[in-house]
Ligand SMILES: CC(C)(COP(=O)(O)OP(=O)(O)OC[C@H]1O[C@@H](n2cnc3c(N)ncnc32)[C@H](O)[C@@H]1OP(=O)(O)O)[C@@H](O)C(=O)NCCC(=O)NCCS
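Numbering (our numbering), first residue to last: 57 to 176.
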């Protein structure tokens, strides 16, 4: 289940974000978290499975587009289809009015997801 980020999830959200290649530097990581907390156009969603938060996705909204800036899944749960489910759920939450678009960093995974959807 995809839920909106709130401050009480700050530590787990930062931990997941740190797996994203562009967020390896602590200063950059803190700036990114601040942006998700303070800028309404930057929205972070967490993937909750049972009681655990095991993935997240962050988007930057610009008019009717949502750019996927960050996506991350806890390494213990990778290759189980969770990343794909996160993108699908976000697409459902945003609805038809808002178009999901990958950033340069998330494009290769996004393309894999949409090719899988076409095959199934
Ligand atoms: C990218 C990520 C979110 C995928 O999560 P996941 O739950 O493992 O994804 P799924 O199980 O739905 O799909 C897995 C498949 O996606 C593909 N894939 C994974 N990472 C990819 C990437 N960076 N580019 C292209 N395809 C990728 C692979 O085909 C993989 O299949 P395999 O495990 O058989 O090799 C996860 O690998 C992750 O957190 N990576 C570190 C953070 C990161 O690099 N994020 C930004 C780049 S997208």
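Using N, Cα and C, we set each Cβ at its ideal position, and we do this for glycine too. Computed from a prediction, not measured in an experiment: that's the story for all the values here.
(request) Taking only heavy atoms of ligand 1 into account, decide whether any of them is closer than 7 angstroms to the Cβ of residue 129. (result) Answer for residue 129: yes, Cβ within range of ligand 1.
(message) Between which residues of its own chain and residue 153 is the CB-CB distance below 7 angstroms, once the five residues before and five after are set aside?
(response) Answer for residue 153: 120, listed in chain order.
(message) If I measure Cβ to Cβ from residue 165 and keep anything under 7 angstroms in the same chain, skipping five residues before and after, which residues do I get?
(response) Once the five neighbours on either side are set aside, the close Cβ partners of residue 165 are 127 and 139.
(request) Identify every run of the beta strand (DSSP E) within the region 75-122, keeping only runs that are complete inside it and at least 3 residues long; order them along the chain. (result) As far as the region 75-122 is concerned, its whole beta strand (DSSP E) runs of at least 3 residues are 98-105 and 108-118.
(request) Could you give the DSSP three-state label for residue 153: helix, strand or coil? (result) Residue state, collapsed to three classes: coil.
(message) Can you tell me whether residue 87 is buried or exposed? The criterion is at least 16 other CB atoms within 10 Å of its CB, across all chains shown.
(response) Per the 10 Å Cβ criterion, exposed.
(message) At a cut-off of 7 angstroms, would you count residue 138 as near ligand 1, judging by its Cβ distance to the nearest heavy atom?
(response) Yes.
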